Each structure stands twice: as C-alpha cells, then as structure tokens.
Amino acid sequence: MGKMVGITEFKAKCIALLDEMHRSGEPLIITRRGKPSLDADGKASGGGGR
Numbered sequence: 001m002g003k004m005v006g007i008t009e010f011k012a013k014c015i016a017l018l019d020e021m022h023r024s025g026e027p028l029i030i031t032r033r034g035k036p037s038l039d040a041d042g043k044a045s046g047g048g049g050r
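Residue numbers for the sequence shown follow UniProt numbering, so the first one is 1 and each next one is one higher.
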C-alpha cells in the first residue's frame, strides 16, 4: 500500500520523507483531509524537463 502522510506533515518534512521513500522503496501516499491525493513511487518519469 505505502506510507500515508498528511499534506501538512509532507510540507514540513518533504526532503526527509522523500529520502526515506527512496531508501525503503515503499511508495508515499500524500493525503488531504484523510483522502489520498497523490501517490509517489520514487521512479523518475524520464520526461527530461519542459
């Protein structure tokens, strides 16, 4: 499933949470008002920018 974290906590701890996600390989699910809002899996999209 992945680690669920509220958007306020994500805002406060963004870099640490992303580092943890890359280390553990576990997806990060950011919630807003208790409902999933964004899934991050740590894989780069490979889009190469704008």
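For each residue, glycine too, the CB sits at the ideal point set by N, CA and C.
If you're wondering where the values come from, they're calculated on a predicted model, not measured in any experiment.
Note down the Cα distance separating residue i from residue j, rounded to an integer number of angstroms.
i: M21; j: I29; result: 10 Å
i: F10; j: P36; result: 13 Å
i: A16; j: G34; result: 21 Å
i: K3; j: E26; result: 7 Å
i: M1; j: T8; result: 20 Å
i: K43; j: V5; result: 19 Å
Enumerate in chain order the residues of its own chain whose CB-to-CB distance from residue i is below 6 Å, with the five nearest sequence positions on each side excluded.
i: A40; result: L28
I'd like the list of long-range same chain contacts for residue i, defined as Cβ closer than 8 Å, with 5 residues on each side in sequence excluded.
i: L38; result: I29, I30
### Message
Just to confirm the assignment: which complete beta strand (DSSP E) runs, minimum length 3, are found wholly within the region 11 to 35?
### Response
Those beta strand (DSSP E) runs which fall completely within the region 11 to 35 and span 3+ residues are 28 to 32.
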